[in-house]
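Report on one structure; see the data block that follows.
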Amino acid sequence: MKSTIRQKIFVISVVLTVLFLGCSPTNQKLPVKPNVVFIIVDDLNDYEGAFGGHPQAKTPNLDKLAKSAVTFTNGHSNCPVCSPSRNSLFTGVYPFESGDFGWTKHFEQPVLKNNKTLVEYFNDNGYYTIGSGKLLHIEQKKKWDEWGININNYGPIAFNGIEPVGHPSVPEPYRSIGPIDGSFAPLSDVPIFPDSISKGNKTGWLYTRGKTDFLEYTDENSRGLMPDEMHARWAAKRINEMEIANSDQPFFMGIGFVRPHTPLYAPKRFFDMFPLDEIQLPKIKEGDNKDTYYKDIYPASMKGLRYYRTLKEAYGGDAEEGLKHFLQAYLACIAFVDEQIGAVVDAVNNSKFKDNTIIVLVADHGWQMGEKEYLFKNSPWEESTRIPYIIKVPGVKSGAQVDHPVSLIDIYPTLKDLCGLSSDNRKNENGGSLGGYSLKPFLENPKTKKWEGPNGALTMLGNGPNNKEALKQTYSYRTKEWRYILYLDGSEELYHNKVDPYEWENLAENPESANQKEELKKEMLGIINTLK
Numbered sequence: 060m061k062s063t064i065r066q067k068i069f070v071i072s073v074v075l076t077v078l079f080l081g082c083s084p085t086n087q088k089l090p091v092k093p094n095v096v097f098i099i100v101d102d103l104n105d106y107e108g109a110f111g112g113h114p115q116a117k118t119p120n121l122d123k124l125a126k127s128a129v130t131f132t133n134g135h136s137n138c139p140v141c142s143p144s145r146n147s148l149f150t151g152v153y154p155f156e157s158g159d160f161g162w163t164k165h166f167e168q169p170v171l172k173n174n175k176t177l178v179e180y181f182n183d184n185g186y187y188t189i190g191s192g193k194l195l196h197i198e199q200k201k202k203w204d205e206w207g208i209n210i211n212n213y214g215p216i217a218f219n220g221i222e223p224v225g226h227p228s229v230p231e232p233y234r235s236i237g238p239i240d241g242s243f244a245p246l247s248d249v250p251i252f253p254d255s256i257s258k259g260n261k262t263g264w265l266y267t268r269g270k271t272d273f274l275e276y277t278d279e280n281s282r283g284l285m286p287d288e289m290h291a292r293w294a295a296k297r298i299n300e301m302e303i304a305n306s307d308q309p310f311f312m313g314i315g316f317v318r319p320h321t322p323l324y325a326p327k328r329f330f331d332m333f334p335l336d337e338i339q340l341p342k343i344k345e346g347d348n349k350d351t352y353y354k355d356i357y358p359a360s361m362k363g364l365r366y367y368r369t370l371k372e373a374y375g376g377d378a379e380e381g382l383k384h385f386l387q388a389y390l391a392c393i394a395f396v397d398e399q400i401g402a403v404v405d406a407v408n409n410s411k412f413k414d415n416t417i418i419v420l421v422a423d424h425g426w427q428m429g430e431k432e433y434l435f436k437n438s439p440w441e442e443s444t445r446i447p448y449i450i451k452v453p454g455v456k457s458g459a460q461v462d463h464p465v466s467l468i469d470i471y472p473t474l475k476d477l478c479g480l481s482s483d484n485r486k487n488e489n490g491g492s493l494g495g496y497s498l499k500p501f502l503e504n505p506k507t508k509k510w511e512g513p514n515g516a517l518t519m520l521g522n523g524p525n526n527k528e529a530l531k532q533t534y535s536y537r538t539k540e541w542r543y544i545l546y547l548d549g550s551e552e553l554y555h556n557k558v559d560p561y562e563w564e565n566l567a568e569n570p571e572s573a574n575q576k577e578e579l580k581k582e583m584l585g586i587i588n589t590l591k
């Protein structure tokens, strides 16, 4: 009788254990000192299937990665422009604490030069560090154990035989913005300048490593590689070589892809995925900028405001037509970089490293596509701050989504926690404090309420290196349901994103929202005053 009871108890315990494991977000113990493959993409907003930002986006590889990982659907940049965003991410220091408000090299910035970048931190903890592409805005390649491809990541660019220029197929005056921001075209549209050719000058696609270093193009099957393709192939090759070498030393691999950063060039087959007459523009409300303050505070020469006006003018005053051409190129470049992401992720998944490698994929910031008459990054609104944010950890249940707001500042402490790393993120006491919080609780339980981090994600718009006062910047604070914006002159915007996802109605002056606004302001200033 007792034996039968014991058997029943044993069976019940086994069943309960199986059910528990099947329902638990974490199915096995995390590996000790796992490898890390860190992928960062430039200027990539939420135009991916997994993040639902644009219905026509084609990102099968990124979406596949998301299904095998934990996706943070409310992830944001801490400074939505390249240099300070990356400096903050790689040091774990908020821009407002370091005073990094412009384009200062991280190793020359008064505070950040005293901090260890992620690569230095992993080196200190016995990792082999290996990288290629655009990671930090200005890279110290000597800090890595091994560096990959040396090339100007923004290339190719149009070359008229004398200097880089805007692509000749882009109408004026948008083309005059320049060879980087003022250019978009498929690679098949080889830039040709007959007058320069007649004088014996070579024109075409230039990598910009030198005036003789051209990307040669015959057709789609006979052409030079773009830099992102080089980085992806190099990464896949090195993963295979490290597997063959069978080293026990853990590695940190960083790969930085530039597209969809301008110039928006990609092979023709990616443009063909998005016929111009079928392009769907994002939902834009006419006059949406009337209750916003950015246009009143910042000069009309600011890129986002100026680029929108210039694109509209280039297409005869038809903003929609101009945006369709630009958006086609942007979607094409996203599809292109998605293929490169797939090459790296597939290399990991097809290797022995699959079960002991963390994969992180983020962007440095988003991009605004004409909403509020703004075409650029570095704005305080959703399109500019929201980014793809994916973390795949061995042993963590795949396909989960986290809707709690997080930001890039949390990457450094998360990797420190997951990899069991120790030591300070500072080289000395003059370095900045680690500003973020480990996301491990969300990885173990996406619905957890036991996270030490803040209720929202904090974004700062820097006013350039000449203004060092933390409270003289513009801030944007995104919680689950709301966004609060405090401009440098005290102007405010408030959006109830839960019911107004496109941030069309500024509620800052609405008496019914006064308490909500003050609570958000208090939370936001609490973060700033704690660390500044």
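Residue numbers (our numbering): 60 to 591.
Yeah, the Cβ is synthetic: ideal placement off N, Cα and C, and Gly gets one too.
By the C-beta criterion, the segment 91-107 is judged to be in contact with the segment 306-316, since at least 3 inter-stretch pairs fall below 8 angstroms. With contact defined as three or more Cβ pairs closer than 8 angstroms, the segment 465-474 and the segment 483-495 are in contact.
One thing to note: residue 546 has its Cβ within 8 angstroms of the Cβ of residue 533.
Each residue's CA atom was taken as its position, placing residue 287 and residue 575 some 44 angstroms apart. Boundaries of the alpha helix (DSSP H) harbouring residue 401: 378-408, taken from the DSSP string.
As summarised for the segment 189-227, there are no continuous alpha helix (DSSP H) elements at least 4 residues long confined to that stretch.
In this structure, residue 351 sits away from residue 444, with a CB-CB distance that is not shorter than 8 angstroms. Residue range 286-304 is occupied by the alpha helix (DSSP H) that includes residue 290.
Shown here, residue 484 sits in coil according to DSSP, grouped into three states, outside any helix or strand. Our two residues, residue 484 and residue 337, have alpha carbons roughly 49 angstroms apart in a direct line. Counted as a single uninterrupted DSSP element, the alpha helix (DSSP H) harbouring residue 501 occupies residues 499-503. Here DSSP, grouped into helix, strand and coil, assigns residue 128 to coil.
Residue burial annotation: residue 242 is buried, with at least 16 other C-beta atoms found within 10 angstroms of its C-beta.
In the structure shown, residue 558 adopts coil according to DSSP, grouped into three states. One thing to note: residue 120 has its Cβ no nearer than 8 angstroms to the Cβ of residue 544. Between the alpha carbons of residue 384 and residue 335 lies a distance of about 7 angstroms.
The C-beta of residue 488 has fewer than 16 other C-beta atoms within 10 Å across all chains shown, which makes the residue exposed.
Assignment of beta-bridge partners to residue 100 by DSSP yields 316 and 422. According to the DSSP assignment, residue 243 belongs to the beta strand (DSSP E) that extends over 243-245. With contacts defined as CB atoms closer than 8 angstroms, residue 430 and residue 347 qualify as a contacting pair.
Spanning the alpha carbons of residue 567 and residue 282 requires a straight line of approximately 53 angstroms.
Counting only the Cα atoms, residue 110 lies some 7 angstroms from residue 447. Judged by beta-carbon spacing, residue 116 lies beyond the 8 angstroms limit of residue 498, meaning their Cβ atoms are not closer than that value.
Going by DSSP, residue 327 is part of the alpha helix (DSSP H) stretching over 327-331. Residue 318 and residue 573 have their C-alpha atoms some 41 angstroms from each other. According to DSSP, residue 116 shares a beta bridge with no other residue.
Taking C-beta atoms as the reference points, residue 155 and residue 468 fail to come closer than 8 angstroms. In the DSSP annotation of this structure, the continuous segment of the alpha helix (DSSP H) that includes residue 369 starts and ends at 362-373. For residue 542, the enclosing beta strand (DSSP E) has its first and last residue at 541-545. Leaving aside the five residues that flank residue 511 on each side, the residues in its chain whose CB is nearer than 6 angstroms to its CB run, in chain order, 496. Under the three-state reduction of DSSP output, residue 254 falls in the helix class. Residue 352: not part of any alpha helix (DSSP H); DSSP gives it neither H nor E.
If the five residues before and after residue 357 are omitted, its C-beta is found closer than 8 angstroms to the C-beta atoms of 364, all from its own chain and listed in chain order.
Contact check for residue 367 against residue 434 passes: the beta carbons are separated by less than 8 angstroms. Boundaries of the beta strand (DSSP E) around residue 537: 533-537.
Put simply, of 93, 203, 180 and 183 the residue whose alpha carbon is nearest the alpha carbon of residue 189 is 203.
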